[in-house]
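Trainee: In my numbering, the protein residues as written are 99 to 762.
Here it is, the structure in full.
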């Protein structure tokens with residue numbers, strides 16, 4: 099959109115000073131926080147929100163609003179000050195006074211879902227910028243689907259030097275440049291200061307040249323000259339490339355002795371310094387006092403920005419009913435009713451066919467049914483499409499000039515992919531999934547953790563799940579990764595045993611809107627463990643009895659994934675020796691834990707237990723007692739065919755049988 103009319107009740111200097119003094123005062127009261135960045139970027143933020151941003155403070159979730167991402171999340175008081183001044187619900191002045199206090203709407207770093215107006219959780223530097231790339235991707239995808247009448251907004255980012263130093267920024271900016279995300283605009287707080295001191299201590303990059311090389315338009319302005327900032331933002335409105343505006347600012351602007359120094363970065367300024375800054379701004383008011391003309395100026399800017407909302411509402415009402423219904427269904431984020439029917443039909447066919455299949459292939463075949471059932475499902479892979487089996491007919495590739503597709507080639511950018519998927523998810527309109535090898539979840543982990551913290555639905559397809567991948571060797575064979583992922587709260591890790599459980603896992607991942615999921619899948623073929631079709635999604639309880647002996651249990655074997663086959667074979671061998679053994683499949687520890695102790699104990703039984711998983715035992719306390727056995731790994735793998743590796747490391751039917759007998 100073009101620049102909005104300037105608010106008339108206060109000068110730019112007064113509007114910007116309001117951000118500065120609120121930021122100083124809140125940090126001072128908390129005796130904790132980062133005042134320097136908000137003080138330095140107040141001018142640029144004031145120009146952005148009073149002249150360019152399209153939003154409705156009364157409805158922070160309005161779908162066609164511009165997105166604002168504070169990637170430099172430590173400067174959270176910049177955002178909280180803006181939210182209060184603009185009249186966002188729940189962000190009253192008292193909340194600014196409770197900055198960084200328990201239960202406040204103003205935590206130390208912005209948290210998605212906690213404070214109105216916060217588009218994504220930020221703080222781990224670089225991730226906000228990378229998530230913003232995902233938001234811009236989602237906008238362009240949604241616009242290609244529904245047109246500019248319903249979808250036409252921009253994504254603005256305030257990023258700091260730390261954001262640009264973090265490696266994920268390179269993944270993000272090269273992806274954005276390749277996709278020509280012209281509605282992505284980054285305001286770089288180019289203040290030359292980090293915690294240790296001058297940026298020059300550790301970095302001498304030509305950031306403008308770097309962004310330009312990645313396909314961006316880049317320019318530098320005086321970040322304290324509102325007209326220069328406005329001119330740069332105006333020029334960015336018509337760009338066919340993403341835009342970087344380097345705003346040369348002074349950190350702690352106005353502080354008499356700490357401005358321009360790392361001393362203003364991450365600590366309260368002190369009463370004397372604050373008094374000097376107030377004098378420099380010509381601000382005679384007491385802490386947290388915003389005079390009516392200034393507040394009215396900010397509220398007037400919010401009212402002006404919201405005018406676009408009424409016109410959009412009218413366009414939505416005028417849209418053809420099928421278009422409107424589809425648009426709102428996509429935005430709702432709900433799993434479509436057709437998903438359950440598609441999964442049940444697939445399960446029935448898989449049980450009847452009884453064909454051994456790698457679960458990565460089962461996942462692909464499930465996706466063939468889910469893609470038409472869930473039209474807003476968006477796929478991708480970090481350059482491992484053929485190995486992850488993440489692309490199916492109907493999911494055409496997205497290209498820089500054609501966003502009508504549903505499949506993103508993320509390139510070798512695991513972290514960037516995971517962070518961009520977070521941005522797609524919080525933007526709304528799509529359910530993203532993306533693939534890589536399980537061993538490379540280490541690269542994605544910070545973004546997976548952030549998705550779990552935010553409680554958003556992102557689906558990670560993680561294939562080549564164990565030493566079973568074979569010849570690529572220990573660099574690619576995950577050992578500790580299952581335990582590491584299961585350690586992340588609110589992440590649901592599924593390791594299905596066959597095609598049936600794979601389809602069930604997909605259904606559960608799609609239907610769980612408040613958490614990310616990881617589908618951990620094999621390279622090697624697995625037989626069908628569930629040969630009798632059940633309409634019920636048995637994986638929904640995380641674990642269930644797959645085989646119950648006719649006689650009273652003498653032992654229970656608990657297994658996941660490919661090792662369920664070993665458990666069943668061991669149970670048959672033991673039955674031949676007159677030993678009654680049950681087999682429990684445990685595809686999802688998190689769902690199993692959620693069932694409660696009574697269900698878990700009834701499923702696992704009182705008899706001795708042996709766990710089986712081609713990974714570390716860490717995390718298995720959910721199912722195993724100290725005296726129970728475990729057949730798995732204690733170190734890294736090796737390079738050899740999978741069958742040889744399972745024998746070498748003792749993850750075999752014979753080892754399971756021996757472990758059971760040792761406990762009888």
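We treat Cβ as the ideally placed atom computed from N, Cα and C, and that holds for glycine.
Report, in whole angstroms, the separation of the C-beta atoms of residue 561 and residue 536, which I expect to be a contact under 8 angstroms.
Mentor: At roughly 7 angstroms, the Cβ-Cβ gap stays under 8 angstroms, so residue 561 and residue 536 are in contact.
Trainee: Taking the alpha-carbon positions, what's the residue 744 to residue 572 distance?
Mentor: Straight-line Cα distance between these residues: approximately 13 angstroms.
Trainee: With hydrogens ignored, establish whether the beta-carbon of residue 523 is closer than 7 angstroms to any heavy atom of the ligand NAP.
Mentor: Among the components modelled here there is no ligand, and therefore nothing to report on the ligand NAP.
Trainee: Report the residue from 510, 478 and 486 whose alpha carbon sits nearest the alpha carbon of residue 495.
Mentor: Nearest option by C-alpha distance: 478.
Trainee: Kindly indicate which residue of 631, 525 and 636 has the alpha-carbon position closest to the one of residue 240.
Mentor: Residue 525 is the option with its Cα nearest to residue 240.
Trainee: Kindly identify the DSSP beta-bridge partner or partners of residue 441.
Mentor: Answer is none; residue 441 lacks a bridge partner.
Trainee: Nearest-angstrom Cα distance between residue 612 and residue 185?
Mentor: C-alpha separation (whole angstroms): 28 angstroms.
Trainee: Which residues bound the alpha helix (DSSP H) around residue 662?
Mentor: Residues 661 to 674.
Trainee: Which one of 376, 527 and 665 has the shortest CA to CA distance from residue 117?
Mentor: Checking every option, the nearest Cα to that of residue 117 belongs to 376.
Trainee: Using only CA atoms, which one of 150, 416 and 523 lies nearest to residue 764?
Mentor: Because the chain in this structure spans residues 99 to 762, residue 764 falls outside the shown range and cannot be described.
Trainee: Taking 8 angstroms as the cut-off, does the region 674 to 690 touch the region 636 to 647 (at least 3 CB pairs, one atom from each stretch)?
Mentor: Output reads yes: the region 674 to 690 touches the region 636 to 647.
Trainee: Would you mind listing the alpha helix (DSSP H) stretches within the region 124 to 205 that are 4+ residues and don't spill past its ends, in chain order?
Mentor: 134 to 145, 174 to 184 and 191 to 195, all fully within the region 124 to 205.
Trainee: One question on the structure: do residue 171 and residue 363 come within less than 8 angstroms of each other, judged by their Cβ atoms?
Mentor: No, they are not a contact pair.
Trainee: Residues in the same chain with beta-carbon distance under 6 angstroms from residue 105, minus the five sequence neighbours each way, listed in chain order, please.
Mentor: In this prediction, residue 105 scores a pLDDT of 45, lower than 50, which makes its location untrustworthy; no coordinate-derived value is stated.
Trainee: Is residue 470 helix, strand or coil by DSSP?
Mentor: Correct three-state label for residue 470: helix.
Trainee: In this structure, does DSSP put residue 605 in helix, strand or coil?
Mentor: It is helical.
Trainee: Less than 8 angstroms between the CB atoms is what I'm expecting for residue 124 and residue 195, so what's the real figure, rounded?
Mentor: The pair is a contact, with the Cβ atoms about 7 angstroms apart (cut-off 8 angstroms).
Trainee: I'd like the list of long-range same chain contacts for residue 565, defined as Cβ closer than 6 angstroms, with 5 residues on each side in sequence excluded.
Mentor: For residue 565, where only same-chain residues beyond five positions count, the Cβ hits under 6 angstroms are 575, 712, 735 and 743.
Trainee: Quick one: what's got a C-beta closer than 8 angstroms to residue 294's C-beta in the same chain, skipping five residues either side?
Mentor: Around residue 294: 300 and 360.
Trainee: Of all the options 701, 257 and 527, which has the alpha carbon lying nearest to the alpha carbon of residue 646?
Mentor: It is 701 whose Cα lies nearest to the Cα of residue 646.
Trainee: Should residue 141 and residue 327 be called a contact, given that it needs their Cβ atoms to be closer than 8 angstroms?
Mentor: Closer than 8 angstroms, so yes.
Trainee: Which residues in the same chain as residue 454 place their Cβ atom closer than 8 angstroms to its Cβ, once the five residues preceding and following it in sequence are excluded?
Mentor: Excluding positions up to five away in sequence, the list reads 623, 624, 625 and 626.
Trainee: In this structure, how does DSSP classify residue 345 when only helix, strand and coil are distinguished?
Mentor: Here residue 345 sits in strand by DSSP.
Trainee: Express the C-alpha separation of residue 150 and residue 101 in angstroms, rounding to a whole number.
Mentor: Reliability fails at residue 101, whose pLDDT of 46 lies under 50, so the model's placement of it is uncertain and the value that follows must be treated cautiously. Taking the straight line from one Cα to the other gives about 5 angstroms.
Trainee: Please classify residue 114: does DSSP put it in a helix, a strand, or coil?
Mentor: DSSP places residue 114 in helix when its eight states are reduced to three.
Trainee: Excluding the 5 residues flanking residue 489 on each side, which residues of the same chain have their C-beta closer than 6 angstroms to its C-beta?
Mentor: Once the five neighbours on either side are set aside, the close Cβ partners of residue 489 are 483 and 505.
Trainee: Give me, in chain order, the residues of the same chain whose beta-carbon lies closer than 7 angstroms to that of residue 471; leave out the 5 immediate sequence neighbours on both sides.
Mentor: The answer, listed in chain order, is 434, 436, 437 and 440.
Trainee: So residue 710 and residue 665 are in contact, right, with Cβ under 8 angstroms, and what is the actual spacing, rounded?
Mentor: Sure, about 5 angstroms apart at Cβ, within 8 angstroms.
Trainee: Would you say residue 581 and residue 714 are within 8 angstroms of each other, going by their C-beta atoms?
Mentor: Going by C-beta atoms, residue 581 is nearer than 8 angstroms to residue 714.
Trainee: Leaving out five residues on either side along the sequence, give the residues of the same chain with a beta carbon under 7 angstroms from the beta carbon of residue 309.
Mentor: Around residue 309: 271, 316 and 342.
Trainee: To the nearest angstrom, how far is the alpha carbon of residue 99 from that of residue 143?
Mentor: With a pLDDT of only 37 at residue 99, under the threshold of 50, the placement of this residue in the model should not be trusted; the figure read from the coordinates follows. Looking at the two C-alpha atoms, the distance is approximately 17 angstroms.
Trainee: Which residue from 678, 675 and 720 puts its Cα closest to that of residue 695?
Mentor: Taking only the C-alpha atoms, the option nearest residue 695 is 720.
Trainee: Measuring straight from C-alpha to C-alpha, what distance separates residue 159 and residue 333?
Mentor: So the two alpha carbons sit approximately 27 angstroms from each other.
Trainee: Measure the Cβ-Cβ separation of residue 120 and residue 392 and say whether it is below 8 angstroms.
Mentor: No, the Cβ-Cβ distance between residue 120 and residue 392 is not below 8 angstroms.
Trainee: For residue 599, which residues of its own chain have a beta-carbon under 6 angstroms away from its beta-carbon, when the five flanking residues on both sides are left out?
Mentor: Correct list, in chain order: 637 and 685.
Trainee: For residue 455, which of helix, strand or coil comes out of DSSP?
Mentor: Reduced to three states, the DSSP call for residue 455 is strand.
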